[in-house]
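First the structure, in the form of C-alpha coordinates, and then the observations on it.
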Amino acid sequence: MQSQFKDEPIGSFKKRVIRLLHAYFALSRGMTLGVRAACFDAKGRIFLVRHTYLPGWYLPGGGVERGETLLQALSKELREEGNLVMEGTPRLLNLYLNTSASNRDHVAFYRVEVRQTEPKRPDREIAESGFFPLDALPDGVTPATRRRLAELAAGGPYAEIW
1 MQSQFKDEPI GSFKKRVIRL LHAYFALSRG MTLGVRAACF DAKGRIFLVR
51 HTYLPGWYLP GGGVERGETL LQALSKELRE EGNLVMEGTP RLLNLYLNTS
101 ASNRDHVAFY RVEVRQTEPK RPDREIAESG FFPLDALPDG VTPATRRRLA
151 ELAAGGPYAE IW
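Sequential numbering from 1 applies to the sequence shown in UniProt numbering.
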(Lines of atoms letter the chains of each structure in order from A; the text may use other names.)
(Lines give C-alpha, C1' and ligand atoms only; values in the text may rest on other atoms or scores of the structure.)
Protein backbone atom coordinates (compact mmCIF):
# COMPACT_ATOMS: atom_id res chain seq x y z
CA MET A 1 0.00 0.00 0.00
CA GLN A 2 1.27 3.43 -0.91
CA SER A 3 0.05 6.91 -0.15
CA GLN A 4 1.17 10.44 -0.74
CA PHE A 5 -2.00 11.95 0.72
CA LYS A 6 -2.99 12.37 4.34
CA ASP A 7 -6.38 11.16 5.53
CA GLU A 8 -8.15 14.46 6.09
CA PRO A 9 -11.76 15.53 6.41
CA ILE A 10 -13.41 16.53 3.18
CA GLY A 11 -12.90 20.26 2.63
CA SER A 12 -15.60 22.78 1.84
CA PHE A 13 -14.18 23.34 -1.67
CA LYS A 14 -14.32 19.61 -2.39
CA LYS A 15 -17.88 19.45 -1.04
CA ARG A 16 -18.91 22.25 -3.40
CA VAL A 17 -17.30 20.50 -6.37
CA ILE A 18 -19.07 17.22 -5.53
CA ARG A 19 -22.41 19.05 -5.19
CA LEU A 20 -21.85 20.79 -8.54
CA LEU A 21 -21.10 17.45 -10.19
CA HIS A 22 -24.26 15.93 -8.74
CA ALA A 23 -26.27 18.94 -9.93
CA TYR A 24 -24.80 18.57 -13.42
CA PHE A 25 -25.64 14.85 -13.49
CA ALA A 26 -29.16 15.58 -12.21
CA LEU A 27 -29.74 17.99 -15.10
CA SER A 28 -28.02 15.93 -17.78
CA ARG A 29 -29.34 12.48 -16.85
CA GLY A 30 -32.74 11.20 -15.79
CA MET A 31 -31.12 8.63 -13.54
CA THR A 32 -27.53 7.82 -12.68
CA LEU A 33 -26.16 4.31 -12.62
CA GLY A 34 -22.93 3.07 -11.14
CA VAL A 35 -21.09 -0.16 -10.47
CA ARG A 36 -19.11 -1.31 -7.45
CA ALA A 37 -17.49 -4.64 -6.73
CA ALA A 38 -16.24 -6.75 -3.89
CA CYS A 39 -12.94 -7.77 -5.53
CA PHE A 40 -11.12 -10.74 -4.06
CA ASP A 41 -7.62 -11.92 -4.92
CA ALA A 42 -6.41 -15.54 -4.92
CA LYS A 43 -5.62 -15.23 -1.19
CA GLY A 44 -9.22 -14.23 -0.36
CA ARG A 45 -8.35 -10.62 0.44
CA ILE A 46 -10.67 -7.73 -0.45
CA PHE A 47 -9.48 -4.79 -2.55
CA LEU A 48 -10.32 -1.31 -1.23
CA VAL A 49 -9.56 2.22 -2.41
CA ARG A 50 -9.25 5.57 -0.67
CA HIS A 51 -10.13 8.52 -2.87
CA THR A 52 -8.44 11.91 -2.82
CA TYR A 53 -11.79 13.72 -2.73
CA LEU A 54 -13.75 11.70 -0.13
CA PRO A 55 -12.83 10.40 3.30
CA GLY A 56 -12.75 6.68 3.99
CA TRP A 57 -12.10 3.36 2.26
CA TYR A 58 -14.47 2.14 -0.46
CA LEU A 59 -15.10 -0.77 -2.76
CA PRO A 60 -13.84 0.14 -6.24
CA GLY A 61 -16.32 1.32 -8.84
CA GLY A 62 -17.78 4.27 -10.66
CA GLY A 63 -20.34 5.55 -13.09
CA VAL A 64 -21.74 3.82 -16.15
CA GLU A 65 -21.40 6.08 -19.19
CA ARG A 66 -23.74 6.30 -22.16
CA GLY A 67 -23.25 3.40 -24.56
CA GLU A 68 -21.42 1.36 -21.92
CA THR A 69 -22.67 -1.92 -20.45
CA LEU A 70 -22.46 -2.61 -16.73
CA LEU A 71 -19.65 -5.11 -17.26
CA GLN A 72 -17.72 -2.73 -19.51
CA ALA A 73 -18.02 -0.02 -16.84
CA LEU A 74 -16.97 -2.47 -14.13
CA SER A 75 -13.93 -3.64 -16.10
CA LYS A 76 -12.92 -0.01 -16.82
CA GLU A 77 -13.29 1.12 -13.20
CA LEU A 78 -11.35 -1.85 -11.80
CA ARG A 79 -8.55 -1.21 -14.27
CA GLU A 80 -8.47 2.54 -13.54
CA GLU A 81 -8.77 2.31 -9.74
CA GLY A 82 -6.57 -0.68 -9.06
CA ASN A 83 -4.90 -2.14 -12.17
CA LEU A 84 -7.26 -5.07 -11.65
CA VAL A 85 -8.25 -7.67 -14.24
CA MET A 86 -11.35 -9.79 -13.67
CA GLU A 87 -10.74 -13.54 -13.46
CA GLY A 88 -13.96 -15.24 -14.51
CA THR A 89 -17.43 -13.81 -14.70
CA PRO A 90 -18.52 -11.26 -12.08
CA ARG A 91 -21.63 -12.21 -10.12
CA LEU A 92 -24.31 -9.53 -9.78
CA LEU A 93 -25.38 -9.52 -6.13
CA ASN A 94 -27.87 -6.65 -5.96
CA LEU A 95 -29.04 -3.35 -7.35
CA TYR A 96 -29.28 -0.57 -4.75
CA LEU A 97 -30.74 2.90 -4.56
CA ASN A 98 -27.95 5.18 -3.35
CA THR A 99 -29.77 7.94 -1.45
CA SER A 100 -26.53 9.46 -0.15
CA ALA A 101 -25.86 10.80 -3.66
CA SER A 102 -29.43 11.61 -4.75
CA ASN A 103 -32.81 9.94 -4.96
CA ARG A 104 -32.04 8.92 -8.56
CA ASP A 105 -28.68 7.14 -8.19
CA HIS A 106 -28.48 3.36 -8.48
CA VAL A 107 -25.53 1.04 -7.89
CA ALA A 108 -25.08 -2.47 -9.31
CA PHE A 109 -23.01 -4.48 -6.82
CA TYR A 110 -20.88 -7.40 -7.99
CA ARG A 111 -18.58 -10.01 -6.51
CA VAL A 112 -15.55 -10.86 -8.63
CA GLU A 113 -12.21 -12.62 -8.44
CA VAL A 114 -9.40 -10.36 -9.65
CA ARG A 115 -5.72 -10.28 -10.43
CA GLN A 116 -3.65 -7.12 -10.09
CA THR A 117 -1.32 -6.49 -13.03
CA GLU A 118 0.85 -4.11 -11.00
CA PRO A 119 0.44 -2.09 -7.79
CA LYS A 120 -1.71 1.01 -8.25
CA ARG A 121 0.25 4.22 -7.79
CA PRO A 122 -1.50 7.15 -6.14
CA ASP A 123 -2.92 9.67 -8.60
CA ARG A 124 -5.41 12.54 -8.65
CA GLU A 125 -8.35 10.21 -7.93
CA ILE A 126 -6.94 7.34 -5.85
CA ALA A 127 -4.85 8.30 -2.83
CA GLU A 128 -4.28 4.76 -1.64
CA SER A 129 -5.39 1.21 -2.42
CA GLY A 130 -4.68 -2.34 -1.45
CA PHE A 131 -5.81 -5.85 -0.64
CA PHE A 132 -6.84 -6.55 2.96
CA PRO A 133 -7.82 -9.67 4.89
CA LEU A 134 -11.50 -9.42 5.86
CA ASP A 135 -10.54 -9.64 9.54
CA ALA A 136 -7.97 -6.82 9.23
CA LEU A 137 -9.64 -3.99 7.34
CA PRO A 138 -8.01 -0.54 7.50
CA ASP A 139 -9.34 2.17 9.77
CA GLY A 140 -11.92 4.37 8.08
CA VAL A 141 -13.82 1.79 6.00
CA THR A 142 -17.11 3.50 5.20
CA PRO A 143 -20.32 2.25 6.84
CA ALA A 144 -21.82 1.39 3.43
CA THR A 145 -18.76 -0.68 2.54
CA ARG A 146 -19.00 -2.52 5.87
CA ARG A 147 -22.72 -3.20 5.25
CA ARG A 148 -21.99 -4.62 1.78
CA LEU A 149 -19.25 -6.88 3.14
CA ALA A 150 -21.53 -8.09 5.95
CA GLU A 151 -24.33 -8.86 3.47
CA LEU A 152 -21.87 -10.72 1.27
CA ALA A 153 -20.43 -12.72 4.18
CA ALA A 154 -23.94 -13.74 5.29
CA GLY A 155 -25.00 -14.62 1.76
CA GLY A 156 -27.80 -12.04 1.99
CA PRO A 157 -30.32 -10.75 2.45
CA TYR A 158 -29.29 -7.59 0.63
CA ALA A 159 -30.74 -4.19 1.50
CA GLU A 160 -32.48 -1.98 -1.05
CA ILE A 161 -30.64 1.19 -0.03
CA TRP A 162 -26.88 1.45 -0.50
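Glycine included, each C-beta is placed from N, C-alpha and C at the ideal position.
Whether residue i touches residue j by CB criterion (9 angstroms)
i, j, result
"residue 34", "residue 62", "yes"
"residue 96", "residue 18", "no"
"residue 108", "residue 36", "yes"
"residue 94", "residue 159", "yes"
"residue 52", "residue 124", "yes"
Same chain, Cβ closer than 8 angstroms to residue i, five either side skipped, listed in chain order
i, result
"residue 45", "131, 132, 133, 134"
"residue 40", "46, 47, 111, 112, 113, 114"
Three-state secondary structure (DSSP) of residue i
i, result
"residue 24", "helix"
Cβ-based neighbour list, residue i, same chain, cut-off 6 angstroms, excluding 5 preceding and 5 following
i, result
"residue 49", "58, 60, 81, 126, 129"
Alpha carbon of residue i to alpha carbon of residue j, nearest angstrom
i, j, result
"residue 66", "residue 73", "10 angstroms"
"residue 143", "residue 136", "16 angstroms"
"residue 79", "residue 156", "27 angstroms"
"residue 70", "residue 64", "6 angstroms"
Residue i CB to nearest heavy atom of the ligand HEM below 8 angstroms
i, result
"residue 51", "Looking at this structure, you won't find the ligand HEM or any other ligand, since it has none at all."
Self-check item: Runs of beta strand (DSSP E) lying entirely within the UniProt domain "Nudix hydrolase" (30-155), each at least 3 residues, in chain order
Solution: Those beta strand (DSSP E) runs which fall completely within the UniProt domain "Nudix hydrolase" (30-155) and span 3+ residues are 32-40, 46-51, 61-63, 84-97, 105-116, 126-132.
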